[in-house]
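My numbering applies: residue -2 is where the sequence shown begins, and numbers increase by one.
Glycine included, each C-beta is placed from N, C-alpha and C at the ideal position.
Heads up, the thing below is written out as structure tokens.
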Amino acid sequence: MSANDNKKKSDKARQMAQWHNMPYNNRELSWIDFNKRVLEEATKKDNPIMERCNFLSITASNLDEFFMVRVAGVLDQIHHGVKSKDASGLTHTEVMNRLSEKIHEFAKKQYSCYNRSIIPSLRANGITFKNIDELDGDQKAFIDEYFHKVVFPVLTPMAVDTSRPFPLLANKSLNIALRLTNAENEEFFAVVQVPSILPRFLELPSHEGRAFILLEKVIAAYLNELFELYNIKEYDAFRITRDSDLDIDEDTEDLMAEIKKSIRKRKRGVPVRLEFSKKCNKEIRKFLIDALEVSEDEIYMQRGPLDLTFLSKFAHIKGCENLCFEPIVPVNPPAEFCGYNDIFKAIREKDRLVHHPYESFDVVVDFVKKAAVDPNVLAIKQTLYRVSGNSPIVAALIKACENGKQVTVLVELKARFDEENNIQWANKLEKAGCHVIYGLTGLKTHCKICLVVRRDKDGIRRYLHMGTGNYNDSTARFYTDIGMFTCREEYGTDASSLFNVLTGYSFPPEYNKFIVAPHGMRTFFEAMIINETQNAKLGLPAKITAKVNSLVDPKIISLLYDASNAGVKVELIVRGICCLVPGVKGFSENIKVISIVGQLLEHSRIFIFENNGNPQYYMGSADWMPRNLDKRVELVFPVEDEDIKARVQGIMNTMFKDTVNARRQHSDMTYTTVDKRGKKRLNCQKYFSKLALKAQKSAMKADYAKTVGTPIVPIKKGENEE
């Protein structure tokens, strides 16, 4: 080891020791707290019952991914004997012990919610889930026909004995294990996989209300037909979750082939969780534990149907719209673009901001579509991280290539759990003639940017869209994000430089306006926080306001503590993981943290620094996490248009006034709903929806000049009350 390596190791150890002395919540434990906040929405009686079903489904889906990636990662570190402590001062073994305790407790709350809240509320609305012994004659005849015509042909009973080993079962698959005996009373085991290709629940004919039954209960009623020569002693459903993080060799000559290989390996990942029902027979339990080689801590005995993610589709069954949230309908066109047939003309006049989903994502799709067919457009360059299964943006890029335009697309193949979808799109784009690249070695490209090069009457001009969210028209309907259109020269120059870095061997330049990770973003944010700290010490105006999905980075947190101690007012909106602990004497007394969990998923990233009375506004793709600052290509950009600054400030002000979806984090790392005493009921998400419609109406009446840039449109008495 070189002297330089020794110094780096020593510096890291010294810094880690320093972090151990500051309040820091472990990342994994903080994530569990976030999922608890989602679970609270499932139990909240104010929420419509179908939305509560959806929230419970989200907690289950979240937990699946958490096991597949985060829990699997901790277990891998333990397996490899890693003894180091994280910034919270915990070893991987200590983290796993606490996680196991918290997750088991959380699972009990999930099923308590299902049994004591969801099912009774559904029943009160005339909706029931039936057991086989509760079916009437018509219903029995219905499932008998359904089983024999639809289910039976796709079932595969799998015996397990000395000649037939335990089958390789798919990750997250639902299965039924059986203990059988033959005529000689010899014992055997078998497995039947519940087909994922079929709907998980089935609606039954019903003379009163609506009745449903789960697929596994239908299959269980006919198991004797699958094992006619055997006596079924016991059976029970079980489910396994596997380690699904990809191990990719980035030095390979063919990255796509390497990722395809890793995806195949994912299907054989080590089991990290085994679920079965609380009433599972002990012989079947032992059979599964031995076959899957799981430890006691990895076993979860649930008091209800396994895999509650089925509730997401159930929440959207037809005929129950009255049991859902009133939909937030995106305004189209957004106020910023009312009266413009030429989107490029609108952008030439001034920078334009769009707030999704309150304002339709169609304006972003149209930007690419119109560029694809505009004879004056010479080139389109775009990054794609996650896109929908039938992406209109990808279709527009293909159309542009067919129309003879130079099209360059960076498709991030390593977007977790979207790898296969992105590989398919990359292949289609390449076949159409687009120049497709996969990013930089060792880095995920997470920035959101689209560059259109156009020949205008006065010369070549670069038009940009930059945003906080993915170019995904599907998730744009329920993720809150912000995008900005501009054709400022310095932004265009920076965009060209960024794409040159991504597509070639260009060394990262000194950007005019852009802040780009991993070369410069960490330094930028640290410098901005330090500047506020120094201003506070000099008695100058100092404040930091930020909205991120997660706050994990220890160095950023340490600097925020320094800022707080210097008197800087720090206000943070952190939806998910927050390792910073607010309100701790001597560290974070001037820091306020809220989390907003509601009808829409908060996804935008906004940063505001007071800067001695001259506030600086930034937006972008990065959270305050080590991976975003050091291991990804991220883009944060400044807001220079005064109208947009005022609007962004208004968005932040409104979110901090939310009394419905907001929860405040305390020094003991718990969260409680905000104090509503003396405050009007304000749901910021519904308010933004009303605001977008109001702004559009004003624009359509040619009164837009009066409302553009207004931080918060005055609310009439009762307007924001629900």
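- With respect to the 8 Å criterion, Gly564 and Asn528 are not classified as neighbours on the basis of their beta carbons.
- Within the stretch 303 to 379, the complete beta strand (DSSP E) segments at least 3 residues long are 349 to 353, listed from N- to C-terminus.
- Contact check between the stretch 163 to 181 and the stretch 288 to 304: three or more CB pairs, one atom from each, fall below 8 Å, which counts as touching.
- With a cutoff of 8 Å on beta-carbon distance, Leu375 and Arg459 are scored as not near each other.
- Distances from the CA of Tyr21 to each of Lys654, Cys575, Gln646, Arg661 were compared; the closest alpha carbon is that of Cys575.
- Thr153 carries a coil assignment under DSSP once its states are collapsed to helix, strand and coil.
- For Asp287, the enclosing alpha helix (DSSP H) has its first and last residue at 279 to 289.
- Taking C-alpha positions only, Glu131 is separated from Gln596 by approximately 35 Å.
- Nearest to Asn469 by alpha-carbon distance, out of Glu607, Leu381, Arg120, is Leu381.
- In the three-state reduction of the DSSP assignment, Met666 falls in the coil class, being assigned neither a helical nor a strand state.
- For Val79, the CB contacts under 7 Å within the same chain, skipping 5 residues up- and downstream, are His89 in chain order.
- In the DSSP annotation of this structure, Leu195 is not part of any beta strand (DSSP E), being labelled neither H nor E.
- Secondary structure in the stretch 434 to 491: the beta strand (DSSP E) runs of 3 residues or longer, each lying completely within the stretch, are 446 to 453, 456 to 464, 476 to 483 in chain order.
- Within the stretch 570 to 636, the alpha helix (DSSP H) runs of at least 4 residues that lie entirely inside it are, in chain order, 623 to 627.
- Ile129 is positioned such that its CB atom lies closer than 8 Å to that of Ala218.
- In this structure, Arg236 and Glu272 form a Cβ contact; the two beta carbons are roughly 5 Å apart against a cut-off of 8 Å.
- In summary, Gln662 is buried, with 16 or more beta-carbon neighbours lying within 10 Å of its beta-carbon over all protein chains present.
- Put simply, the backbone Cα of Lys347 is about 15 Å away from that of Pro331.
- Between Lys676 and the set Met666, Lys687, Thr656, Gln682, the nearest pair of CA atoms involves Thr656.
- Using a C-beta cut-off of 8 Å, the stretch 317 to 330 makes no contact with the stretch 609 to 623, since fewer than three inter-stretch Cβ pairs fall below that distance.
- Between Leu175 and Phe186, the C-beta gap is smaller than 8 Å, which places the two residues in contact.
- Close CB contacts of Thr477 within its chain, under the 6 Å cut and outside five residues either way in sequence, are with Leu597, Glu599, His600, Ser601 (chain order).
- Lys698 sits in coil when the DSSP states are folded into three classes, being neither helix nor strand.
- For Arg236, the uninterrupted beta strand (DSSP E) run begins and ends at 228 to 239, by DSSP.
- Pro506 sits in coil when the DSSP states are folded into three classes, being neither helix nor strand.
- In this structure, Val365 places its C-beta atom within 8 Å of the C-beta atom of Leu394.
- For the 8 Å CB-CB criterion, Leu577 and Val594 do not form a contact.
- Beta-bridge pairing by DSSP links Phe144 to no other residue.
- Nearest C-alpha to Met463 among Arg282, Gly86, Ser618: Ser618.
- Residue pairing for His432: DSSP places it in a beta bridge opposite Thr405.
- Per DSSP, Phe64 is not a residue of any alpha helix (DSSP H), being assigned neither H nor E.
- In this structure, Asp550 sits away from Leu632, with a CB-CB distance that is not shorter than 8 Å.
- Here the alpha carbons of Pro635 and Ile526 stand approximately 16 Å from one another.
- For Ile340 against Lys367, the beta-carbon gap comes to about 6 Å, under 8 Å, which counts as contact.
- Between the C-alpha atoms of Cys484 and Pro372 there is a straight-line separation of about 18 Å.
- In the structure shown, Tyr382 falls within a coil segment according to DSSP collapsed to helix, strand and coil.
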